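**Student:**
In the UniProt record's numbering, the protein residues as written are 1 to 97.
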């Protein structure tokens, strides 16, 4: 599944979970889908937050953000869950103009 998005920003995290004492690390990325898929319930465009692995983050970290991109998702047929897969065709956007 492919969506055209604006990658707004990304932030790595690394902390110890207080309840489990396990180390938790990854990256949070915020994207703005460029098409409203639910116009009956949503006015305008709303940003969405996804979790990335460090390897997935490394592929976009070299690009200035915000950036326009194609975002690919995977769908687990059994659970019907949608998960982030990758970004392609990442191009910086100048929002200062």
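Where a beta carbon is used, it is the ideal one built from N, C-alpha and C, also for glycine.
Given the structure is predicted, the values throughout are model-derived calculations rather than measurements.
Going by DSSP, which residues form a beta bridge with residue 91?
**Tutor:** Reading the chain shown from its first residue, position 91 is the one you call residue 91. BP columns for residue 91 point to 68.
**Student:** Distance check for residue 41 and residue 65, CA to CA, integer angstroms please.
**Tutor:** Along the chain shown, one-based indexing puts residue 65 at 65. Along the chain shown, one-based indexing puts residue 41 at 41. Approximately 29 angstroms between the Cα atoms of the pair.
**Student:** Where in the stretch 21-83 do unbroken runs of the alpha helix (DSSP H), each at least 4 residues long, occur, reported from the N-terminal end onward?
**Tutor:** DSSP runs (the alpha helix (DSSP H)) wholly in the stretch 21-83: 54-61.
**Student:** Would you call the stretch 75-82 and the stretch 8-28 in contact, with 3 or more CB pairs under 8 angstroms?
**Tutor:** Segments in contact, no.
**Student:** Given this structure, state the Cα-to-Cα distance separating residue 82 from residue 96, to the nearest angstrom.
**Tutor:** Taking the first residue of the chain shown as position 1, residue 82 is located at position 82. Taking the first residue of the chain shown as position 1, residue 96 is located at position 96. Whole-angstrom Cα-Cα distance: 33 angstroms.
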